[in-house]
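**Q** Just passing along the structure, written as structure tokens.
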Amino acid sequence: MRILVVGGGGREHALCWAIAASPLCEALYCAPGNAGIAAEAECVAISAEDVPGLVKFAQEKSIDFVVVGPEAPLVAGLVDALKTAGIKAFGPSAAAARLEGSKGFMKDFFARHSIPTAAYGRFRDAAAAKAFIDQKGAPIVVKTDGLAAGKGVTVCQSISEAHAAVDAAMTGKAFGSAGDELVIEEFLAGEEVSFFALVDGTHAVPLVAAQDHKAVGDGDTGPNTGGMGAYSPTPLVDAALQQKIMDDVIMPTVRGMAAEGSPFVGVLFAGLMITKDGPKTLEYNVRFGDPECEALMVRVKSDILPALIAAADGELAQFDLRWTDDAAVVVVMAAKGYPGSYQKGTVIRGLDRAAAIPGVSIFHAGTAKKGDDIVATGGRVLAITARGRTVTEAQQKAYQAVDQIDWPEGFCRRDIGWRAIAREKTAG
Ligand code: AMP
Ligand code: GLY
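Encoded structure:
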């Protein structure tokens, strides 16, 4: 088969790495890809958001199957446009991608289908939003309705902080039009889990769960980012909790989307807070998590490509995926300053030394080749991924690899996996 992967981050590098290993894959392209992806796929200079450009390329190259990584092209209708052109793709239609594209749609959908989530209000008016905040009290969470690259959420410890978040989004336009409407919701205490299921419109197959580290600093301090690291499995999700999440969250979503005329096809990624009252859904994403995908791709033993195709074909009913018992830890290396402003074009050395460590895979998130050098082109730049028998062992290997990398303008968190490692210590 001739395959096109859309996107150019660590998630897409991991997907390309897994798909390239499939005996079904004859030719692999990635648009736009990056310097690391170029080792697995032919990178083509088409933006992930250029829907007509991608369709044209897929037609010209007789692509059999397109795997869409990021949310923006899904929300923009790439899968619909490919379908119209007769090209099969993995990912939801624009209508189904509203689960991620509009938090207001998502929250109202949860209410219609009794899916457990935080109590909330939707606002297009700053004064009304502030009155709601005054009434509910702090802590409270302010979210932009639209996509804001994972940064549109402010967890506010005080009422004044919440008012400031409303002003920044609505008056200050800190997130552009994504902040014209806000969702304000109850603060949920608990531990967060990233839960994934492949969905074919009707059936769902759970994948292994992971935990992400959204805050930029050690000890989960500082502003939220797109994700500074991840690990899988998480001891929090045992077989019983997995079943409960499938029964209470994933399957009602799959049935609800089908009943409302926009069946979901692709990977459904639920961000769940495991509270003392059980799992509650913080958000849906309509794609693999980044950096969670990197952890999943090094843990999956089955060929991932037929599973993605079965989802697109509506044939997941009898599908099963096998996973290694090994743990995986992903440490993201980002440009100093991220998630604020940062320098681009700095040179990264030592990648080969790091990749030579057994059990380590270096996925590129934001790199380009400049002459013989690899340079950083984004905020999140590398996803250093390691496998080990335990999270503790995988973490040691991941940091061993990080320490081989010579990139003075970069940084990473030094505590990825800390919750699982603390549990592994207690368990002896
Ligand atoms: P989201 O993009 O909705 O997942 O939000 C980003 C992050 O903000 C989440 O991963 C949580 O850490 C935090 N967050 C979002 N909503 C809530 C909530 N209702 N209660 C507590 N934390 C939240
Ligand atoms: N790692 C969280 C996300 O991909 O949204």
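Numbering-wise, my numbering puts 477 at position 381 of the sequence shown, and it's gapless, one number per residue. Even glycine gets a Cβ: it sits at the ideal position worked out from N, Cα and C.
#1: Under 6 Å: does the beta carbon of G367 sit that close to some heavy atom of the ligand AMP?
#2: For R98 versus C389, is the C-beta spacing smaller than 7 Å?
#3: Among I142, K203, Q496, which has the Cα closest to the Cα of E282?
#4: Any heavy atom of the ligand GLY inside 6 Å of the beta-carbon of G106?
#5: Taking the C-alpha atoms as reference points, what is the distance between L174 and V151?
#6: Buried or exposed: where does K239 fall if 16 or more other Cβ atoms within 10 Å of its Cβ makes it buried?
#7: Would you say the beta carbon of L278 comes nearer than 6 Å to a heavy atom of the ligand AMP?
#8: For C112, which residues of its own chain have a beta-carbon under 7 Å away from its beta-carbon, when the five flanking residues on both sides are left out?
#9: Can you give me the C-alpha to C-alpha distance between T486 and Q338, rounded to a whole angstrom?
#10: Just the C-alpha distance for G313 and A141, rounded to the nearest angstrom, thanks.
#11: From what residue to what residue does the alpha helix (DSSP H) around S256 run?
#12: Quick check: the stretch 346–356 against the stretch 451–462, are at least 3 beta-carbon pairs closer than 8 Å?
#13: Of all the options F360, G374, V350, which has the alpha carbon lying nearest to the alpha carbon of A214?
#14: Counting only the same chain and skipping the five closest in sequence on each side, list residues whose C-beta sits under 6 Å from that of F271.
#15: Any chance the stretch 372–386 sits against the stretch 174–194, with 3 or more Cβ pairs inside 8 Å?
#16: Which stretch, first to last residue, makes up the alpha helix (DSSP H) that contains H109?
#17: Since T267 sits in a beta bridge, which residues does DSSP pair it with?
#18: Along the chain, where does the beta strand (DSSP E) containing V101 start, and where does it finish?
#19: Quick one: grab the DSSP three-state call for A354.
#20: Using DSSP with H/G/I as helix, E/B as strand and the rest coil, what is K493?
#21: Anything with a beta carbon under 5 Å from a heavy atom of the ligand GLY counts; list them all in chain order.
#22: Using the beta-carbon count (16 or more within 10 Å), is A285 buried or exposed?
#23: Between which two residues does the alpha helix (DSSP H) harbouring P169 extend?
#24: Please confirm whether any heavy atom of the ligand AMP lies closer than 6 Å to the CB of E257.
#25: If you count every other CB in all the chains shown that lies within 10 Å of the CB of Q500, and 16 or more means buried, which is it?
#26: Any heavy atom of the ligand AMP closer than 6 Å to the Cβ of F283?
#27: How is T377 classed by DSSP in three states: helix, strand or coil?
#28: Candidates T488, I183, I255: which alpha carbon is nearest D409's?
#29: Considering only DSSP beta bridges, list what H460 is partnered with.
#30: Can you tell me whether V428 sits near the ligand AMP, meaning its C-beta is under 6 Å from at least one heavy atom of the ligand?
#31: Quick check on the burial criterion: 16 or more other C-beta atoms within 10 angstroms. Buried or exposed for S290?
#32: Mark G268 as exposed unless 16 or more other C-beta atoms lie within 10 angstroms of its C-beta, in which case mark it buried.
#33: Could you tell me the alpha carbon to alpha carbon distance between L178 and T463, rounded to whole angstroms?
#34: In its own chain, which residues sit with a C-beta less than 8 Å from the C-beta of A305, not counting the 5 before and 5 after it?
#35: At what residue ranges does the stretch 175–237 contain a whole run of the beta strand (DSSP E), taking only runs of 3 or more?
**A** The answer reads as follows:
#1: As a first step, residue 367 is located in the sequence shown; it is residue number 271 there, counting from the start. True, at least one ligand heavy atom lies under 6 Å from that Cβ.
#2: If you number the sequence shown from 1, residue 98 lands on position 2. If you number the sequence shown from 1, residue 389 lands on position 293. In this structure, R98 lies away from C389, with their beta-carbon atoms at least 7 Å apart.
#3: Within the sequence shown, numbered from 1, the residue matching residue 282 stands at position 186. The shortest Cα separation from E282 among I142, K203, Q496 belongs to K203.
#4: Indexing the sequence shown from 1 puts residue 106 at position 10. For the ligand GLY, not one heavy atom lies less than 6 Å from the Cβ of G106.
#5: Here the question's residue 174 lines up with position 78 in the sequence shown. Here the question's residue 151 lines up with position 55 in the sequence shown. When rounded, the separation of the alpha-carbon atoms in L174 and V151 is 8 Å.
#6: Position 143 of the sequence shown, counting from 1, holds the residue named residue 239. The C-beta of K239 has 16 or more other C-beta atoms within 10 Å across all chains shown, which makes the residue buried.
#7: Within the sequence shown, residue 278 is the residue found at index 182, counting from 1. Set against 6 Å, the gap from the CB of L278 to the closest heavy atom of the ligand AMP is not smaller.
#8: Here residue 112 is taken as the residue at index 16 of the sequence shown, counted from 1. Excluding residues within five positions, the ones whose Cβ falls inside 7 Å are V101, L124, C126, I133, E136, A137.
#9: Numbered from 1 along the sequence shown, position 390 holds the residue referred to as residue 486. Numbered from 1 along the sequence shown, position 242 holds the residue referred to as residue 338. One Cα belongs to T486, the other to Q338, and the distance between them is close to 20 Å.
#10: Here residue 313 is taken as the residue at index 217 of the sequence shown, counted from 1. Here residue 141 is taken as the residue at index 45 of the sequence shown, counted from 1. If you take the alpha carbons of G313 and A141, they lie about 34 Å apart.
#11: Against the sequence shown, residue 256 aligns to sequence position 160. Where S256 is concerned, the enclosing alpha helix (DSSP H) stretches over 255–262.
#12: Contact fails: fewer than three Cβ-Cβ distances are below 8 Å.
#13: Numbered from 1 along the sequence shown, position 118 holds the residue referred to as residue 214. Measuring C-alpha to C-alpha distances from A214 to each of F360, G374, V350 identifies G374 as the nearest.
#14: Start at 1 with the first residue of the sequence shown, and residue 271 comes out as number 175. Here the set comprises T240, A244, G248, A265.
#15: Three or more Cβ pairs closer than 8 Å define a contact, and the stretch 372–386 meets that threshold against the stretch 174–194.
#16: Residue 109 sits at position 13 when you count from the first residue of the sequence shown. It spans 106–116 - the alpha helix (DSSP H) in which H109 sits, taken as one unbroken run.
#17: As a working mapping, residue 267 is identified with position 171 in the sequence shown. According to DSSP, which records beta bridges pairwise, T267 is partnered with nothing at all.
#18: Here residue 101 is taken as the residue at index 5 of the sequence shown, counted from 1. Start and end: 98–103.
#19: Sequence index remark: in the sequence shown, residue 354 carries index 258 (1-based). When secondary structure is reduced to three states using DSSP, A354 falls in the helix class.
#20: On the sequence shown, residue 493 is found 397 positions in, with the first residue counted as 1. DSSP places K493 in helix when its eight states are reduced to three.
#21: With 5 Å as the limit, the residues whose C-beta approaches any heavy atom of the ligand GLY more closely are D308, G323, G385, D386, in sequence along the chain.
#22: In the sequence shown, the residue the question calls residue 285 occupies position 189. With fewer than 16 other Cβ atoms within 10 Å, it is exposed.
#23: Working through the sequence shown from its first residue, we reach residue 169 at position 73. Element bounds for P169: 167–171.
#24: Residue mapping note: residue 257 aligns to position 161 of the sequence shown, counting from 1. No, the ligand AMP has no heavy atom inside 6 Å of this Cβ.
#25: Position 404 of the sequence shown holds residue 500. The residue is buried, with at least 16 neighbouring Cβ atoms inside 10 Å.
#26: Numbered from its first residue, the sequence shown carries residue 283 at position 187. At least one heavy atom of the ligand AMP is nearer than 6 Å to the Cβ of F283, so yes.
#27: Mapped onto the sequence shown, residue 377 falls at position 281. Collapsing the DSSP output to three states places T377 in a strand.
#28: As a working note, residue 409 is residue 313 in the sequence shown. The residue with the shortest Cα to Cα distance from D409 is I183.
#29: Along the sequence shown, read from residue 1 onward, the residue named residue 460 stands at position 364. For H460, which the question treats as bridged, DSSP gives the partners L478.
#30: For the purposes of this step, residue 428 is taken as residue 332 along the sequence shown, with counting starting at 1. Taking non-hydrogen atoms of the ligand AMP into account, the C-beta of V428 is found less than 6 Å away from none of them.
#31: Here the question's residue 290 lines up with position 194 in the sequence shown. Burial call: buried.
#32: Position 172 of the sequence shown, counted from the start, is the residue given in the question as residue 268. Exposed, since its Cβ has fewer than 16 Cβ neighbours within 10 Å.
#33: In the sequence shown, counting from the first residue as 1, residue 178 sits at position 82. In the sequence shown, counting from the first residue as 1, residue 463 sits at position 367. Straight-line Cα distance between these residues: approximately 28 Å.
#34: In the sequence shown, counting from the first residue as 1, residue 305 sits at position 209. Here A305 has V289, S290, F291, F292, S328, P329, T330, L332, V333, Q338 as same chain residues with Cβ atoms under 8 Å from its own Cβ, once five neighbours each way along the sequence are excluded.
#35: With a minimum length of 3 residues, the continuous beta strand (DSSP E) runs that stay inside the stretch 175–237 are 184–186, 216–219.
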